[in-house]
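What follows is one structure encoded as structure tokens, with my remarks underneath.
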């Protein structure tokens, strides 16, 4: 990956809907060359997809939270089964397997705090492998799309 690839990625992260013609002009390439570079970045798995950043409030989602979950055992089978089961819950947005005091951080998006409580009680705390559980409500968040280039 060279500096031009990095610039292509930077532009796509900030605007996934940018046209190939505009992207090519921004990074100083011919459109055909730019298209081939983007195709190569996709084929190589550098670009894993282009996603829409949606307003959750338009879907009736009023509360987001992080669940901090600790498991009683840490065998591969238990950890992978827990993660697979949790991925099936519609309210779950992201799952992080982490080190430290907790085993999982789970980002959820729900209608309201009653929904948040019911989700915790019905889908998490009843599970026999869950020994620790904590909820943290997200008041606000921001996200950066630009990445530092450590590749050289």
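In the working numbering, the protein residues as written are 12 to 163.
No residue lacks a Cβ here, since even glycine has one placed at the ideal position from N, Cα and C.
| Item | Value |
| --- | --- |
| Whether or not the segment 144-157 and the segment 66-85 are in contact is what I'm after, with contact meaning three or more pairs of Cβ atoms, one per stretch, closer than 8 angstroms; do they touch? | yes |
| Name the one or two DSSP bridge partners that residue 145 has. | 79 |
| What are the boundary residues of the alpha helix (DSSP H) that includes residue 85? | Per DSSP, residue 85 belongs to no alpha helix (DSSP H) and is neither H nor E. |
| Among 102, 129 and 84, which has the Cα closest to the Cα of residue 121? | 102 |
| Decide if the segment 17-35 is in contact with the segment 44-52; the criterion is three or more beta carbon pairs, one per stretch, under 8 angstroms apart. | yes |
| With residue 104 as the anchor, note down where its beta strand (DSSP E) starts and where it stops. | 103-108 |
| Could you check how far apart the C-beta atoms of residue 118 and residue 84 are, in whole angstroms? I think they sit under 8 angstroms. | Not quite, the Cβ-Cβ distance comes to about 24 angstroms (not below 8 angstroms), so this is no contact. |
| With the cut-off set at 7 angstroms, would you say residue 69 and residue 160 are in Cβ contact? | no |
| Are the segment 103-114 and the segment 84-95 touching by the rule of at least three beta carbon pairs closer than 8 angstroms? | yes |
| From residue 41 to residue 106, what distance separates their C-alpha atoms? | 40 angstroms |
| Compute the distance between the beta-carbons of residue 61 and residue 27, then report whether it is under 7 angstroms. | yes |
| Quick check: what's the CA-CA separation for residue 139 versus residue 123? | 26 angstroms |
| Skipping 5 residues on each side, what residues in its chain have a beta carbon closer than 8 angstroms to that of residue 108? | 90, 94, 114 and 115 |
| Using 8 angstroms for Cβ pairs, my map puts residue 20 next to residue 52. What's the rounded Cβ distance? | 7 angstroms |
| Report the partner residues of residue 116 according to the DSSP bridge assignment. | 79 and 107 |
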